[in-house]
Amino acid sequence: MKVTKKILRCGFDLDGTLFSIKLMLQRFNEATGKRIEFSQLNNYSFADVFKISDQQEYDIFSRIKTDINLHSKPLKKTANLVRHLSRQGIEIDIITARRESAMEETKIAY
C-alpha cells in the first residue's frame, strides 16, 4: 500500500490582507483631492470608489506604486498567522494583482 503525504497550502492576498491599504487610500485621496474613508471602500476598483476613469486610476497607481510597495505596513495579526502556519509546515501562497516588477519592493517592505 502506497502512503502519500498531503501537503496543506494556504493563500493570502497582499493588499488588504497581509498589507494595510491605508497608505494607498491616503495617496489616492491626495491625488484626487477627495476624502474617502476606509469604511467607504465598497468596491475592489479604486476607479469606481473615487469616481474616476480607469485611465486616471492607472495613472495614479503608476505615480504612487513605489511608495505603496515600499511603505505599506504589514498587518501584524495576519503576518503572525502566516508565520505560524509556515512553521507548522503549511505552504504559503501569496496572491496579488501587483505587477511582477513590484516584487523586489514588496519583499523589502515585508
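Under my numbering, the first residue of the sequence shown is numbered 309, with each subsequent residue one higher.
Just so it is clear, CB atoms sit at the ideal spot from N, CA and C, and this is done for glycine as well.
Item: Cα-Cα separation between Arg395 and Met332, rounded to whole angstroms; Value: 31 Å
Item: The region 373-391 contacting the region 407-414, beta-carbon criterion three pairs below 8 Å; Value: yes
Item: Enclosing beta strand (DSSP E) for Arg317 [first to last residue]; Value: 317-321
Item: Residues that Phe336 bridges to, as DSSP identifies them; Value: DSSP lists no partner for Phe336.
Item: Exposure of Leu316, with buried meaning 16 or more beta-carbon neighbours within 10 Å; Value: exposed
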